[in-house]
Amino acid sequence: GPSPAYPQFNYQMGIACREMGFFDDAIEQFKIAHKKGQSSFEALHMLGLCYKDKGSWEEALDSLEMALKAKGIPPEKALEAKYEKGLIYKELGKIEEAMALMKEIYDENPSFRKEEISKIVGPSLSSGSVTKR
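Structure, rendered in structure tokens:
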């Protein structure tokens, strides 16, 4: 097995597998990484992205949910995970949920992925309240 001198082994393997498009292998590695406590948030976040790559929306949402419950996440990373969740809701046609999340992100940090978010939410962001025309 990998030497303990390389504590992020599974996490790094997961990254490599995902980059090569081996999503199932990546998922396996990120699960192990999470179990072994190798950067828990990152492992769960990446797990969510792999499921998203595969179109396994429910698993992707579950993983991102779990990631967001991790302790001591840098705010920027948390926003990233919320953003991914929003995109998945959009894929699933859960537009209300997607909008709510995007608005939450905007309230926390208006400059975070501003272009992409305003495309999803539309001009309603700047006016402060989401109104249907």
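Counting the sequence shown from 1 gives a position; the numbering used here is that position plus 541.
Cβ atoms here follow ideal geometry from the backbone N, Cα and C, with glycine treated the same way.
As the structure is a prediction and not an experimental result, all values here were calculated from the model.
Residue i and residue j closer than 8 Å at C-beta
i: GLN570; j: GLN549; result: no
i: LEU609; j: ALA601; result: no
i: TYR630; j: LEU620; result: no
i: PHE564; j: ASP594; result: yes
For residue i, the nearest candidate out of the options (CA to CA)
i: LYS635; options: LYS610, ALA619, VAL662, TYR547; result: VAL662
i: TYR552; options: GLU560, ALA584, PHE564; result: ALA584
i: GLY722; options: GLU560, TYR547, ILE556, GLU645; result: Not covered by the structure: residue 722. The range shown for the chain is 542 to 674.
i: HIS586; options: PHE653, GLU632, LYS618; result: LYS618
i: LYS572; options: ALA639, ILE556, MET561, ARG654; result: ILE556
Residue i - containing alpha helix (DSSP H), residue span
i: SER659; result: 655 to 662
Nearest-angstrom Cα separation, counted from residue j out to residue i
i: PRO651; j: TYR624; result: 13 Å
i: GLU637; j: SER581; result: 29 Å
i: GLY596; j: ASP648; result: 29 Å
i: CYS591; j: LYS577; result: 19 Å
i: GLU599; j: ALA611; result: 19 Å
i: TYR547; j: GLY589; result: 24 Å
Residue-chain proximity (residue i, chain D), Cβ-Cβ < 8 Å
i: GLU606; result: Absent here is chain D; the protein component of the structure consists of one chain.
Note down, one range per segment and in chain order, each alpha helix (DSSP H) of at least 4 residues found wholly within the stretch 589 to 616. Here the runs fully enclosed are 598 to 609.
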